[in-house]
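*Asks:*
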């Protein structure tokens, strides 16, 4: 695990939400945080190399881009977990896939260009794995991955 | 959202460069000015195409390794009120209402991220106390098979 100092934490906690969309965003950030721009950039480079920072970019709203998505829960027998997970992962539309032991034990999210494609992917996975699954699309959104409180 | 907007998303979704003028190379590739690129990003943000423009954290790398999907059986007429309370917890990073199934009656889904499994269990207990919802399931991820951002 990476050790972060207070300045690293301050920078990371700030740029999750308030990244300035300007010509020179890191200069602006440097002013806000009272740290030289070159130091901000060097720290961000290091944090990227260490894996603390994945990227600075847009988080897209698939609903607004015309796409559709859902969360799917699958019942897979323990000895077939890897095979079923591989089958699910083979679809580029699948963004997240986890083993979470419960009655339904494989949980994945899938975003597709349209409802027909989404339906097709789920039917194919059902057919190829023989597992039963339930689709749990969002009905109401209350909060989405806003930020991590790094302490 | 037009073709240029899509190109801007494609050129920024893996992360902008960590340099003094990060939008310059994107502008050059598309034959636009830097101001055009930035203005289009701001418009996409205002219109909701972009949910957020900012840093994605490698939360596992910095020790936020525990994550639990906590699913709650909330009476339909309390969903709005309970969803708002749950969203107020900083450790609750996601909160959605989803359909119920006969063998999965839980209709509110929250993701809890924290430093330890115990932290997550405690957060769920606090959420339960704050909302008076006692029928819930905590599902810890034991393996990550795949994790990528949603891409255009």
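Residue numbers (this note's numbering), protein chains in the order written: chain B, 45 to 195; chain X, -12 to 139.
Idealized CB from N, CA, C, for every residue including glycine.
In the DSSP assignment, the beta strand (DSSP E) including residue 41 of chain X goes from what residue to what residue?
*Replies:* First-last of the beta strand (DSSP E) with residue 41 of chain X: 37 to 44.
*Asks:* Just how far apart, CA to CA, sit residue 120 of chain B and residue 179 of chain B?
*Replies:* Their Cα atoms are separated by approximately 15 Å.
*Asks:* What are the residues in the region 12 to 34 of chain X lying within 8 Å of chain B by C-beta distance?
*Replies:* The region 12 to 34 of chain X vs chain B, Cβ under 8 Å: 21, 22, 25, 28, 29, 31, 32 and 34.
*Asks:* Helix, strand or coil: which one does DSSP assign to residue 153 of chain B?
*Replies:* DSSP places residue 153 of chain B in strand when its eight states are reduced to three.
*Asks:* List the residues of chain B whose Cβ lies closer than 7 Å to the Cβ of residue 74 of chain X, in chain order.
*Replies:* Simply 186 and 187.
*Asks:* Label residue 140 of chain X either buried or exposed according to how many other C-beta atoms from any shown protein chain fall within 10 Å of its C-beta, with 16 as the threshold for buried.
*Replies:* Because chain X is modelled from -12 through 139, residue 140 of chain X falls outside the range shown and cannot be assessed.
*Asks:* Could you tell me the distance, in whole angstroms, from the CA atom of residue 82 of chain X to the CA atom of residue 99 of chain X?
*Replies:* Going by the C-alpha atoms only, they are around 9 Å apart.
*Asks:* Where residue 36 of chain X and residue 101 of chain X are concerned, what is the direct C-alpha to C-alpha distance, given to the nearest angstrom?
*Replies:* For residue 36 of chain X and residue 101 of chain X, the distance between alpha carbons rounds to 29 Å.
*Asks:* Hey, out of B:164, B:149 and B:83, whose CA is closest to residue 52 of chain B's CA?
*Replies:* Of B:164, B:149 and B:83, the residue nearest in Cα terms is B:83.
*Asks:* Looking only at its chain, what residues have a beta carbon closer than 6 Å to the beta carbon of residue 192 of chain B, apart from the 5 residues adjacent to it on each side?
*Replies:* So the list is empty, once near-sequence residues are dropped.
*Asks:* Would you list the one or two residues that DSSP bridges to residue 43 of chain B?
*Replies:* Residue numbering for chain B in the displayed model covers 45 to 195; residue 43 of chain B lies beyond these limits and cannot be assessed.
*Asks:* Hey, how far is the Cα of residue 69 of chain X from the Cα of residue 22 of chain X?
*Replies:* Between residue 69 of chain X and residue 22 of chain X, the C-alpha separation is close to 42 Å.
*Asks:* May I ask you to list, following chain order, the residues of the region 89 to 108 of chain B that have a beta carbon less than 9 Å from some beta carbon of chain X?
*Replies:* Those would be 89, 91, 92, 94, 95, 96, 97, 98, 99, 100, 101, 102, 103, 104, 105, 106, 107 and 108, in chain order.
*Asks:* Candidates B:185, B:103 and B:88: which alpha carbon is nearest residue 71 of chain X's?
*Replies:* The candidate whose alpha carbon is nearest that of residue 71 of chain X is B:185.
*Asks:* If you count every other CB in all the chains shown that lies within 10 Å of the CB of residue 149 of chain B, and 16 or more means buried, which is it?
*Replies:* Under this definition residue 149 of chain B is a buried residue.
*Asks:* Compare the C-beta of residue 67 of chain B with all C-beta atoms of chain X and state if any pair is closer than 8 Å.
*Replies:* Closer than 8 Å: yes.
*Asks:* Could you give the residue range of the beta strand (DSSP E) that holds residue 57 of chain X?
*Replies:* It spans 53 to 59 - the beta strand (DSSP E) in which residue 57 of chain X sits, taken as one unbroken run.
*Asks:* List the residues of chain X that residue 61 of chain B touches, going by C-beta distances under 8 Å, in chain order.
*Replies:* What residue 61 of chain B touches in chain X: 39 and 41.
*Asks:* Relative to chain X, which residues along the region 157 to 174 of chain B have a C-beta separation below 7 Å, given in chain order?
*Replies:* The residues in question: there are none.
*Asks:* Helix, strand or coil for residue 100 of chain B, going by three-state DSSP, please let me know.
*Replies:* Strand at residue 100 of chain B.
*Asks:* To which residues does DSSP link residue 98 of chain X through a beta bridge?
*Replies:* According to DSSP, which records beta bridges pairwise, residue 98 of chain X is partnered with X:56 and X:81.
*Asks:* Are at least three pairs of beta-carbons, each pair with one atom in the region -2 to 15 of chain X and one in the region 105 to 117 of chain X, less than 8 Å apart?
*Replies:* Output reads no: the region 105 to 117 of chain X does not touch the region -2 to 15 of chain X.
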